[in-house]
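There are 2 protein chains.
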Amino acid sequence: MSVTAAQGFTAAGIAAGIKENGNPDLALVVNNGPRLAAAGVFTANRVKAAPVVWSEQVLKGGQVSAVVLNSGGANACTGPLGFQDTHATAEKAAEVLAGHNAGEVAVASTGLIGLRLPMDKLLPGIAQAAAELSGHGGEKAAIAIKTTDSVHKTAVAGQDGWTVGGMAKGAGMLAPGLATMLVVLTTDADLPAADLDTALRAATRTTFDRVDSDGCMSTNDTVLLLASGASGVVPDGAAFAEAVRTVCADLARQLIGDAEGASKDIRIEVIGAASEDDAVEVGRSIARNNLLKCALHGEDPNWGRVLSAIGTTSAVFDPGQLNVAINDVWVCKNGSVGEDRELVDMRYREVRITADLSAGTESAVIWSNDLTADYVHENSAYSS
Amino acid sequence: MSVTAAQGFTAAGIAAGIKENGNPDLALVVNNGPRLAAAGVFTANRVKAAPVVWSEQVLKGGQVSAVVLNSGGANACTGPLGFQDTHATAEKAAEVLAGHNAGEVAVASTGLIGLRLPMDKLLPGIAQAAAELSGHGGEKAAIAIKTTDSVHKTAVAGQDGWTVGGMAKGAGMLAPGLATMLVVLTTDADLPAADLDTALRAATRTTFDRVDSDGCMSTNDTVLLLASGASGVVPDGAAFAEAVRTVCADLARQLIGDAEGASKDIRIEVIGAASEDDAVEVGRSIARNNLLKCALHGEDPNWGRVLSAIGTTSAVFDPGQLNVAINDVWVCKNGSVGEDRELVDMRYREVRITADLSAGTESAVIWSNDLTADYVHENSAYSS
Chain X
1 MSVTAAQGFT AAGIAAGIKE NGNPDLALVV NNGPRLAAAG VFTANRVKAA PVVWSEQVLK
61 GGQVSAVVLN SGGANACTGP LGFQDTHATA EKAAEVLAGH NAGEVAVAST GLIGLRLPMD
121 KLLPGIAQAA AELSGHGGEK AAIAIKTTDS VHKTAVAGQD GWTVGGMAKG AGMLAPGLAT
181 MLVVLTTDAD LPAADLDTAL RAATRTTFDR VDSDGCMSTN DTVLLLASGA SGVVPDGAAF
241 AEAVRTVCAD LARQLIGDAE GASKDIRIEV IGAASEDDAV EVGRSIARNN LLKCALHGED
301 PNWGRVLSAI GTTSAVFDPG QLNVAINDVW VCKNGSVGED RELVDMRYRE VRITADLSAG
361 TESAVIWSND LTADYVHENS AYSS
Chain V
1 MSVTAAQGFT AAGIAAGIKE NGNPDLALVV NNGPRLAAAG VFTANRVKAA PVVWSEQVLK
61 GGQVSAVVLN SGGANACTGP LGFQDTHATA EKAAEVLAGH NAGEVAVAST GLIGLRLPMD
121 KLLPGIAQAA AELSGHGGEK AAIAIKTTDS VHKTAVAGQD GWTVGGMAKG AGMLAPGLAT
181 MLVVLTTDAD LPAADLDTAL RAATRTTFDR VDSDGCMSTN DTVLLLASGA SGVVPDGAAF
241 AEAVRTVCAD LARQLIGDAE GASKDIRIEV IGAASEDDAV EVGRSIARNN LLKCALHGED
301 PNWGRVLSAI GTTSAVFDPG QLNVAINDVW VCKNGSVGED RELVDMRYRE VRITADLSAG
361 TESAVIWSND LTADYVHENS AYSS
């Protein structure tokens with residue numbers, strides 16, 4: 001599974017000593033070709049970590065031969081010296097991997113903002129990881145990028161002789177200064193960078209972009225898709241796009257399921273919207289309503305807070321025609337009291353909210369989680 | 001103090017039995033003239049409670065003779081019957097107050113969304129409140145509009161024979177479904193409705209509109225300014241505007257200081273902005289960052305979270321020129337590490353964040369508070 005499920009890739013995950021607790025903290029993913037095609041999607045935050053600025057440049061060439069990922073430090077807000085550290089990381093990888101070019105080595109980091117990385121540990125770690133590269137290294141790589149993740153996350157899909165696999169860490173920006181969602185997807189399908197880019201953007205738009213855990217946007221979010229062409233198969237475009245979407249959706253669901261301090265996974269489906277943008281805006285507003293997130297934590301089907309969240313959006317709707325279901329009980333009909341809220345069974349981890357805007361036929365699903373005292377504890381200095 | 005500090009006003013606050021615990025829950029404020037001029041500002045939420053829809057209509061006439069306020073129920077998302085309840089409330093007030101017209105009676109409600117008000121208790125309560133009206137009733141009125149407020153809130157300002165006084169409850173939308181900020185200001189200055197409107201809008205724009213406790217917008221927010229003209233003084237426009245602003249700022253500060261579950265009051269000043277809109281957008285983004293709010297609760301001067309919040313805005317800035325001070329220590333300079341964060345003294349309740357965008361000369365101040373486990377507890381069903 002993971003990034004070595006597809007042919008043509010090797011990976012490794014090791015403990016380089018970046019994390020003080022000695023846990024694995026450095027992953028290396030290498031594309032052995034014959035193709036080196038790649039696409040990437042990065043954080044929309046205007047305050048970008050050094051590795052994001054670097055990797056955006058690398059991806060412009062459409063070729064990635066290797067990815068170096070580290071946990072234990074975000075290398076964000078570290079100034080020109082931090083950027084030099086990222087550059088040195090790519091140079092070191094190119095040096096220890098015969099025949100690689102630093103300009104084709106992507107870098108991703110996750111951890112505390114505002115601290116320089118311990119390069120005296122990271123650079124030797126790259127050499128060690130290169131020595132341990134294996135066609136079965138995907139699992140170890142997925143483990144090495146964990147920060148406060150309780151489990152490592154991998155997924156795979158494919159058909160007819162080609163495969164898409166991947167690994168992920170984080171969920172939005174959940175941890176104590178430990179920003180970031182990092183995702184690396186690999187495929188042995190034989191496709192050029194432009195096709196990868198199309199499939200990746202379409203997939204992230206309806207998966208990772210619709211996970212909204214705590215409304216906080218990281219400085220480091222990175223999603224990469226690398227193609228080796230090693231299967232020799234040129235897949236049907238729609239089938240490939242669907243496989244990429246399936247892997248992204250699987251990983252996104254795993255991220256929400258592991259969100260810090262969460263006790264409920266919340267699936268928000270907005271239906272009856274005049275446009276998909278309206279549906280997404282409303283879903284996001286519901287996902288970010290702290291009062292609602294507290295209520296759901298307390299197993300309180302508080303539809304009034306759903307309505308007040310909808311009311312802050314610019315979506316097309318008539319307040320008197322809003323309908324809201326919680327776990328399939330329509331507790332709000334026509335903007336007012338609907339079915340008995342006592343009928344709502346809130347005992348399970350997954351909570352389904354359906355908001356019907358009665359304004360059209362478009363829809364969207366946003367995934368979120370509840371707001372808990374554990375989240376506060378894990379993200380205040382008390383716990384660190 | 002409160003709404004009876006100015007001449008020409010009487011008020012009362014009583015327990016009508018709307019709240020099950022028997023606490024005061026009904027307030028009445030009466031303008032005895034000679035003028036009945038008034039202005040109002042209401043929630044921007046498109047899902048508006050019945051009393052907001054009613055009072056917006058009343059205010060269009062520019063005259064308000066009385067205000068009925070209740071706690072214990074928001075009368076929001078209650079459909080046409082809820083609107084009839086508000087109408088009946090105004091009719092009842094006009095009936096028991098000799099010579100009043102229901103079309104000049106404003107109504108404001110606060111409490112749980114989605115429940116009808118117990119009109120069998122509310123309507124007799126209006127008669128009782130009318131019987132207890134007094135020129136010293138302002139304090140009791142302020143007490144009767146409390147929901148989860150730990151203290152009642154009043155303020156006063158003025159000069160040269162005229163006065164502006166007021167009362168407030170709530171802070172943003174903080175309580176368990178107990179939405180709402182309700183504010184009534186009164187003055188004996190002799191001014192027409194248009195002048196009141198100008199002064200009130202200018203004041204709320206830089207006070208109540210810049211309090212952002214939990215990012216949640218109520219369905220019931222109401223701020224009213226009533227003028228009796230009883231002093232016979234026509235104040236200087238600038239002096240009157242400043243008095244209204246002073247009372248609003250005082251009450252807004254009291255609201256933040258009493259925010260549910262909060263342990264820190266956070267003053268966010270954005271300077272060096274290219275426009276005031278930019279400064280407000282950045283301040284609001286910082287105020288709404290859950291990760292930062294948790295960090296400040298833990299007395300962690302986590303400037304990285306300030307930068308990542310700034311990075312999500314559309315304001316004009318260069319990430320490499322951002323400076324951030326926490327309690328006057330410039331922990332971030334030029335987008336990177338600045339002065340030693342160990343120098344930041346976080347022991348006190350008030351935390352001052354200064355964000356310098358280095359992009360102009362405009363500025364704005366937003367007030368917020370931290371995110372705590374107590375907030376989660378108070379807003380989950382566990383506590384209700």
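Order-wise, the sequence lines are chains X and V.
According to UniProt numbering, the first sequence is numbered sequentially starting from 1.
According to UniProt numbering, the second sequence is numbered sequentially starting from 1.
Think of the CB as a built atom: it goes at the ideal place given N, C-alpha and C, for glycine as much as any other residue.
Return helix, strand or coil for G137 (chain X), following the three-state DSSP convention. By 1-based counting over the first sequence, the position of residue 137 (chain X) is 137. G137 (chain X) falls in the coil class under three-state DSSP.
Let me see if you follow: with CB-CB separation under 8 Å, is D300 (chain V) close to chain X or not? One-based indexing of the second sequence puts residue 300 (chain V) at position 300. It does: the Cβ of D300 (chain V) has a partner Cβ on chain X nearer than 8 Å.
Using the beta-carbon count (16 or more within 10 Å), is N31 (chain V) buried or exposed? The sequence position of residue 31 (chain V) within the second sequence is 31, counting from 1. N31 (chain V) sits buried, since 16 or more C-beta atoms from the chains shown fall within 10 Å of its C-beta.
So what does DSSP say about I145 (chain V), is it helix, strand or coil? As a first step, residue 145 (chain V) must be located in the second sequence, where it is residue number 145. It is coil, neither helix nor strand.
Can you tell me whether V233 (chain V) is buried or exposed, with buried defined as 16 or more other CB within 10 angstroms of its CB? Locating residue 233 (chain V) in the second sequence gives position 233, counting from the first residue. So V233 (chain V) counts as buried.
Burial state of A227 (chain X) (16 or more Cβ within 10 Å): Residue numbering aside, residue 227 (chain X) sits at position 227 when the first sequence is read from its first letter. Its Cβ being crowded by 16 or more others within 10 Å, A227 (chain X) is buried.
At least 3 beta-carbon pairs within less than 8 Å: the region 255-274 of chain V vs the region 363-372 of chain V: The region 255-274 of chain V vs the region 363-372 of chain V: in contact.
Within 10 angstroms of the Cβ of G165 (chain V), are there 16 or more other Cβ atoms? Answer buried if so, exposed if not. Residue numbering aside, residue 165 (chain V) sits at position 165 when the second sequence is read from its first letter. Classification for G165 (chain V): buried.
Suppose the cutoff is 6 Å on Cβ atoms and the five residues either side in sequence are ignored; what does the same chain contact list for D197 (chain V) look like? Start at 1 with the first residue of the second sequence, and residue 197 (chain V) comes out as number 197. Apart from sequence neighbours up to five positions away, the residues of its chain that approach D197 (chain V) with a beta-carbon distance below 6 Å are A39, ordered along the chain.
For T246 (chain X), collect the residues of the same chain with a Cβ closer than 7 Å to its Cβ; drop the 5 residues on either side in sequence, then sort them by chain order. By one-based count along the first sequence, residue 246 (chain X) stands at place 246. Closer than 7 Å at the Cβ level, and outside the excluded window around T246 (chain X), lie A157.
Per DSSP, E331 (chain V) forms a beta bridge with which residues? Sequence index remark: in the second sequence, residue 331 (chain V) carries index 331 (1-based). Sequence check: residue 331 (chain V) is Val here, not Glu. V331 (chain V) pairs with nothing; no bridge assigned.
So, does the region 345-352 of chain V touch the region 303-318 of chain V, judging by three or more C-beta pairs under 8 Å? no
So who's on the other strand from Q31 (chain X), going by DSSP bridges? Here residue 31 (chain X) corresponds to residue number 31 of the first sequence, with the count starting at 1. According to the sequence displayed, residue 31 (chain X) carries Asn and not Gln. X:F9.
Identify whether D197 (chain V) lies in helix, strand or coil by the three-state DSSP scheme. For the purposes of this step, residue 197 (chain V) is taken as residue 197 along the second sequence, with counting starting at 1. Of the three classes helix, strand and coil, the one that applies to D197 (chain V) here is helix, per DSSP.
Starting from N379 (chain X), follow the alpha helix (DSSP H) in both directions and report where the run begins and ends. As a position in the first sequence, residue 379 (chain X) is number 379, starting the count at 1. Taken as a continuous stretch (DSSP letters only), the alpha helix (DSSP H) holding N379 (chain X) covers A373 to N379.
What residue range is occupied by the uninterrupted alpha helix (DSSP H) comprising E56 (chain X)? On the first sequence, position 56 is the one that residue 56 (chain X) refers to. Under the DSSP assignment, E56 (chain X) falls in the alpha helix (DSSP H) whose first and last residues are A50 to K60.
For P51 (chain V), does the count of other Cβ atoms within 10 angstroms reach 16, so buried, or fall short, so exposed? Numbered from its first residue, the second sequence carries residue 51 (chain V) at position 51. P51 (chain V) comes out buried.
In chain V, what lies closer than 7 Å to N327 (chain X) by C-beta? Residue 327 (chain X) sits at position 327 when you count from the first residue of the first sequence. Here the premise fails: no neighbours, minimum Cβ distance about 15 Å.
Does DSSP put G229 (chain V) in a helix, in a strand, or in coil? Here residue 229 (chain V) is taken as the residue at index 229 of the second sequence, counted from 1. Coil.
Taking W303 (chain V) as the query, report the chain X residues whose CB atoms sit under 9 Å from its CB, ordered along the chain. Here residue 303 (chain V) refers to the residue found at position 303 of the second sequence. The answer, in chain order, is C77, I113 and G114.
Chain V within 8 Å of R284 (chain X), Cβ atoms only: Residue numbering aside, residue 284 (chain X) sits at position 284 when the first sequence is read from its first letter. Output row for R284 (chain X): interface = no.
In or out: P24 (chain V) buried (at least 16 other Cβ within 10 Å) or exposed? Locating residue 24 (chain V) in the second sequence gives position 24, counting from the first residue. So P24 (chain V) ends up on the buried side.
Helix, strand or coil at A175 (chain X) [DSSP, three-state]: As a working note, residue 175 (chain X) is residue 175 in the first sequence. Note that A175 (chain X) scores 37 on pLDDT, short of 50, meaning its location in the model is unreliable; the coordinates nonetheless yield the value given after this. In the three-state scheme derived from DSSP, where H, G and I count as helix and E and B as strand, A175 (chain X) is classed as coil.
So what does DSSP say about E362 (chain X), is it helix, strand or coil? Along the first sequence, one-based indexing puts residue 362 (chain X) at 362. Note: E362 (chain X) maps to strand in three-state DSSP.
How should V151 (chain X) be labelled, buried or exposed, when 16 other C-beta atoms within 10 angstroms of its C-beta is the threshold for buried? Within the first sequence, numbered from 1, the residue matching residue 151 (chain X) stands at position 151. Flag for V151 (chain X) reads exposed.
Of the residues that make up the region 306-323 of chain X, which ones have a beta carbon closer than 7 Å to any beta carbon in chain V? L307, S308, I310, G311, T312 and P319
Report the three-state DSSP secondary structure of T154 (chain X) (helix, strand or coil). Working through the first sequence from its first residue, we reach residue 154 (chain X) at position 154. In the structure shown, T154 (chain X) sits in a strand (DSSP, three-state: E or B).
Would the beta-carbon of G22 (chain X) fall within 8 Å of that of V337 (chain V)? In the first sequence, the residue the question calls residue 22 (chain X) occupies position 22. In the second sequence, the residue the question calls residue 337 (chain V) occupies position 337. The answer is no: Cβ separation not under 8 Å.
At the 8 Å Cβ level, is M217 (chain V) part of the contact set with chain X, yes or no? For the purposes of this step, residue 217 (chain V) is taken as residue 217 along the second sequence, with counting starting at 1. Closer than 8 Å: yes.
Under 7 Å Cβ to Cβ from L296 (chain V), same chain only, skipping five residues before and after it: list those, please. By 1-based counting over the second sequence, the position of residue 296 (chain V) is 296. Only K264, I266, V351 and D370 meet the Cβ criterion.
Please confirm if S134 (chain X) has its CB atom under 8 Å from at least one CB of chain V. Residue numbering aside, residue 134 (chain X) sits at position 134 when the first sequence is read from its first letter. Taking Cβ atoms only, chain V never reaches closer than 8 Å to S134 (chain X), which makes this a no.
DSSP state of M119 (chain X), grouped into three classes? Position 119 of the first sequence holds residue 119 (chain X). Here M119 (chain X) carries a helix assignment [DSSP, helix/strand/coil].
To the nearest whole angstrom, what separates the beta carbons of A142 (chain V) and M181 (chain V), a pair I think is in contact under 8 Å? The sequence position of residue 142 (chain V) within the second sequence is 142, counting from 1. The sequence position of residue 181 (chain V) within the second sequence is 181, counting from 1. Wrong, their Cβ atoms sit about 13 Å apart, outside the cutoff.
Under the rule that 16 or more other beta-carbon atoms within 10 Å means buried, what is Q57 (chain V), buried or exposed? Counting from one through the second sequence, the residue named residue 57 (chain V) turns up at place 57. So Q57 (chain V) counts as exposed.
Going by DSSP, what residues sit across from Q63 (chain V) in a beta bridge? Position 63 of the second sequence, counting from 1, holds the residue named residue 63 (chain V). Answer is V:A37.
Min CB distance D197 (chain V) to chain X below 8 Å: Residue 197 (chain V) sits at position 197 when you count from the first residue of the second sequence. It does not: the Cβ of D197 (chain V) has no partner Cβ on chain X nearer than 8 Å.
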